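Q:
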Amino acid sequence: MAQAVDRDTNRPLEPPSEFIVKVQDINDNPPEFLHENYHANVPERSNVGTSVIQVTASDADDPTYGNSAKLVYSILEGQPYFSVEAQTGIIRTALPNMDREAKEEYHVVIQAKDMGGHMGGLSGTTKVTITLTDVNDNPPKFPQSVYQMSVSEAAVPGEEVGRLKAKDPDIGENGLVTYNIIDGDGMELFEITTDYETQEGVVKLKKPVDFETKKAYSLKVEAANVHIDPKFISNGPFKDTVTVKISVEDADEPPMFLAPSYIHEVQENAAAGTIVGRVHAKDPDAAGSPIRYTIDRHTDLDRYFNIGQEDGFIKTTKPLDREETAWLNISVLATEFHNRHQEAKVPVAIRVIDVNDNAPKFAAPYEGFICESDQTKPPIVSISADDKDDTANGPRFLFTLPPEIVHNPNFTVRDNRDNTAGIYVKRGGFSRQKQDLYLLPIVISDGGIPPMSSTNTLTIKVCGCDVNGALLSCNAEAYVLNAGLSTGALVAILACIVILLVIVVLFVTLRRQKKEPLIVFEEEDVRENIITYDDEGGGEEDTEAFDIATLQNPDGINGFIPRKDIKPEYQYMPRPGLRPAPNSVDVDDFINTRIQEADNDPTAPPYDSIQIYGYEGRGSVAGSLSSLESATTDSDLDYDYLQNWGPRFKKLADLYGSKDTFDDDS
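Here the sequence shown is numbered in this note's numbering, starting from 348 and rising by one per residue.
1. Along the chain, where does the alpha helix (DSSP H) that runs through Gln306 open and close?
2. Just to confirm my understanding: we take Asn829, look at its own chain, exclude 5 residues before and 5 after, and list those with CB closer than 8 Å. What are they?
3. Using the Cα positions of Asn394 and His454, report the straight-line distance between them to the nearest angstrom.
4. Three or more beta-carbon pairs under 8 Å between the stretch 664-675 and the stretch 625-641, yes or no?
5. What's the C-alpha gap between Ser499 and Val595?
6. In whole angstroms, what separates the C-alpha of Asn521 from that of Gly468?
7. Taking the alpha-carbon positions, what's the Arg858 to Val851 distance?
8. Let me confirm a value: Phe359 is counted as buried when at least 16 other C-beta atoms fall within 10 Å, else exposed. Which label applies?
9. Which stretch, first to last residue, makes up the beta strand (DSSP E) that contains Phe758?
10. With 16 other CB atoms within 10 Å as the buried threshold, where does Glu869 fall?
11. Run through DSSP, which three-state label would Met348 get?
12. Consult DSSP for Gly519 and reduce its assignment to one of helix, strand or coil.
13. Looking only at its own chain, which residues have a Cβ that is under 6 Å from the Cβ of Met348, when we skip the five neighbours before and after it?
14. Residues in the same chain with beta-carbon distance under 7 Å from Asn705, minus the five sequence neighbours each way, listed in chain order, please.
15. Once DSSP output is grouped into helix, strand and coil, what is the label at Asp733?
16. Based on DSSP bridge pairs, tell me the residues matched to Pro694.
17. Measuring only the C-alpha atoms, how far is Lys708 from Asp762?
18. Count the other CB atoms, across all protein chains shown, that sit within 10 Å of the CB of Phe854; report buried if there are 16 or more and exposed otherwise.
19. Give the single residue among Gln491, Tyr564 and Lys553 whose Cα lies nearest to the Cα of Val589.
20. If you run the structure through DSSP and keep just helix, strand and coil, what is Phe489?
21. So Lys554 packs on Pro504, CB below 8 Å; how close in whole Å?
22. For Ala351, count the other beta carbons within 10 Å of its own beta carbon; 16 or more makes it buried, fewer makes it exposed. Which is it?
23. How far does the alpha helix (DSSP H) with Arg644 in it extend, from its first residue to its last?
24. Looking at the structure shown, is Phe854 part of a helix, part of a strand, or coil, going by DSSP?
25. State the DSSP-derived secondary structure class of Ser931, mapped to helix, strand or coil.
26. If you scan the stretch 416-485 from start to end, which runs of the beta strand (DSSP E) of 3 or more residues do you find wholly inside it?
27. Per DSSP, which residues does Glu612 bridge with? Please list them.
28. Measuring only the C-alpha atoms, how far is Gly650 from Ala619?
29. Can you tell me where the beta strand (DSSP E) holding Gln401 begins and where it ends?
30. With respect to the beta strand (DSSP E) encompassing Gly811, which residues constitute its N-terminal and C-terminal limits?
31. Mind reading off the beta-carbon distance from Ile437 to Phe429? Whole number of angstroms is fine, and I expect it under 8 Å.
32. Under three-state DSSP, which class holds Asp783?
33. Taking 8 Å as the limit between beta carbons, can you name the residues of its chain near Asn616, skipping five residues before and five after?
34. Could you check how far apart the C-beta atoms of Lys567 and Gly531 are, in whole angstroms? I think they sit under 8 Å.
35. Could you check where the beta strand (DSSP E) with Asp408 kicks off and where it finishes?
36. Ile593 to Phe558, Cα distance in whole Å?
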C-alpha cells in the first residue's frame, strides 16, 4: 500500500494506492527424494524386468515456468544388473538368473533431474540397497564320496558312531537337509538322525556289534532337502548319496555263558561230592582267555555247593534234605584268568529230588474216649496220616496193628482205603477201676520204594457216661476220691494252700519295700571323692601342698601313660626321647612334652580336653613368686631377665623393674 503526502504538513495528497509485486520463479531448487536410503529385496533367479522398488523425488520449483519441475530418473550406479523407468522411478532387474550364492547384495544410485533432464537442470540422488533373497536352487552335496568311521564292540545301543554333513549353499528352510540310510549290510545295526542345529547326520549304534562275528559294515546314506521349490525341480534331484564304512574295534569283553540260566537236579541225601551239573562259559574275544568259575557266596550262605574253578562242575558239600528246601538257587561267576575285572554271572536253579526217607505219622495228636459200658458200633476215633515226602513216595497210606497184637481183644483198626482209618471197639464192659487208659500202637506204611513205616501210639481213655452215652468223667483218681473225701474237705484244703501263698507274697513284698541306707559306710564302697586343698603353700620349695610329682605320673616314667577318660583299645607306647627326666625343673619343656604325647596318642578321644598345670616349678632363678609383698624387701637379685619371659610376666617385670630404677635414682 502507498500514498502521496505533503512533506511539510504530512497531509495526504491522494487516496492510498495498492501495488501488487509478483515474484517470478526460477529453477533454483534441485529435486529431493523422500528417503536418503532405500532398501529392497528381490528373489534370486528372478526374470528380467521384475519390479524391485519405486523411488520418488519432489521439486519445490513452479512447474509452469520452463518445466523446471519435470523430473527424469536415471541410474548412476548399479548397471547392468538393474534399470529404472525414467518417468516413474521404478527399479527393475536387468539381468536374468542372478545368483544369491554368487552375490547377495547390490548398491544402486538413482538420479532425479528436473527440466526434463535437459542441460542446465538441477538433480538429486539417493542410494538403494537391493538384497537377493534365497530360493531352493541348490541340492545338497557331500564334500567326499566315502566316510570312514569306527565303533567298539563294547559300545552300547544309542552310542554315537560318527557324523557326516552334506553342504547346501541355500539358507533357511531351503538349506534344511535330512539323512537316511537307504542301503548297506549294517541297516539293522545302525541308524542315522539329523542334528538340525548343525545340519549334520549323526550315525548311532542300534544294536550291539561283535568284532569276532564281523569286523566291518558298509552303509549308503542319502541327504535330501526337506523343502523343494517346484520352479526349480527341473534342475535335477535335490539329494545326494555317500558311502559310510564302519569298522568294528575289538574290546576286552566279559565271558559269556552258553545258556542264560541253568537248571540241575540232585537227589536228597546224596553224599558230599555228588556232581549236580555243569555250567560252561567262554571268552568271546579272539584271544580266548581261560575262564575261572566261582560261586557267589551271597547266594549260597550255607555253602551247600562247590564248583570246579576250571571245569565248572558243581558238586555238593553235604547231604541235602528236600523236606527242608526243595529248590536251591545260586549264582555262578565266570572270570577271565588274565583280567579279573571281566566277569559274568549266571543263575543256577538246583532241584532236590525226593527220596522216600520219611515215614508217615499221625496227622494230629489223636485221643479216643470210650464209655465203661460201650456197645456202640461206630469208630471211637478216625485217624489220618501225613508224610513229608513227595506224593510220588507215599500217596497211599496203610493202617494196621503190629503183628504181635494183630488179634487184640479190645480194639481193631479198619483201613478206609482213602488214607484214613477208624478205630473200633471189639467188646464192651470196660472198668475204670481196673484200667482207665489203653495205649494202642498203630503201624502206618506208605507206598514208596522202598516203603517206609512208623508205629504211632493212640491213647484211649475209659470214661464214665450217662444213660445217653454223654461223657461225665474220665479221671480214675477222682472216682476214688469221691468215696473217701467230701467236696467240702477238698475246698478247705485248697483254701489253706491259697492263704499260705498270699502270706508268703506279702512277706516278700514288704522285704523289697524296705529302703536301703542312702550312705554306705562299708569300706568296699568305691566312688569318686572330691578333696579340696585350700592352703596357699609355702612357695615352690613347699612340696607338701602340691608336688610336681603329681604331674609326673609314675606310670609315665615307666613308659606308659593311661587315659582316665576312655578305655583304650590297645596300649600306647610313647615314642622315645619325649619323656622328661623325673626331676625336670623346666615346666615349659614338661608341658610341651605332654602336648606332643597327647597329639600322638592314638587312644585320645575325638574331643579337646583342658588340663590345668598350676605348679610354678622349683629351682627357678627368680626365686619364689608366691609372695607379692617381697617387692618391698631388700634384695640384691637382678630381675631384668623378667623382660624376656613374655607378656605373662610383664606385670612382675614392671613391678620389680620400677624398684630397681628408683634405687638407682636415689
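Cβ atoms here follow ideal geometry from the backbone N, Cα and C, with glycine treated the same way.
In this text the structure is predicted, and so the values were computed from the model without any measurement.
A: Per the coordinate set shown:
1. Absent from the model: residue 306. The displayed extent of the chain is 348 to 1013, so no value can be given.
2. Confidence at Asn829 is low in this model, with a pLDDT of 44, below 50, so the placement of that residue should be treated as unreliable; the coordinate-derived value is given next. Correct list: empty, nothing qualifies.
3. 19 Å
4. With the cut-off at 8 Å, the stretch 664-675 and the stretch 625-641 do not touch.
5. 6 Å
6. Distance between the alpha carbons of Asn521 and Gly468: 48 Å.
7. 11 Å
8. Here residue 359 turns out to be Pro, not Phe, going by the sequence shown. Exposed.
9. Phe758 to Asp762
10. Reliability fails at Glu869, whose pLDDT of 46 lies under 50, so the model's placement of it is uncertain and the value that follows must be treated cautiously. Taking a 10 Å sphere around the C-beta of Glu869, we find fewer than 16 other C-beta atoms and assign the residue as exposed.
11. coil
12. In the structure shown, Gly519 sits in a helix (DSSP, three-state: H, G or I).
13. Pro363 and Glu365
14. Glu670, Asp734, Lys735, Asp736 and Met799
15. strand
16. Ser678
17. 15 Å
18. exposed
19. Gln491
20. coil
21. 6 Å
22. exposed
23. Careful: Arg644 lies outside any alpha helix (DSSP H) and carries neither H nor E.
24. helix
25. Bear in mind that a pLDDT of 47 at Ser931, under 50, signals an unreliable position, so the number given afterwards is only what the model happens to contain. Coil, per DSSP.
26. DSSP assignment within the stretch 416-485 yields the following whole beta strand (DSSP E) runs of 3 residues or more, N-terminal first: 419-424, 429-431, 437-440, 452-460 and 470-480.
27. Arg698
28. Just to set this straight, residue 650 is Arg in the shown sequence, not Gly. Going by the C-alpha atoms only, they are around 12 Å apart.
29. Ser398 to Gln401
30. Ser800 to Cys812
31. Actually they are not in contact, since the Cβ atoms of Ile437 and Phe429 sit about 11 Å apart, beyond 8 Å.
32. Here Asp783 carries a coil assignment [DSSP, helix/strand/coil].
33. Pro666, Leu667, Asp668, Val702 and Asp704
34. 5 Å
35. First-last for Asp408: undefined, no H or E at that position.
36. 12 Å
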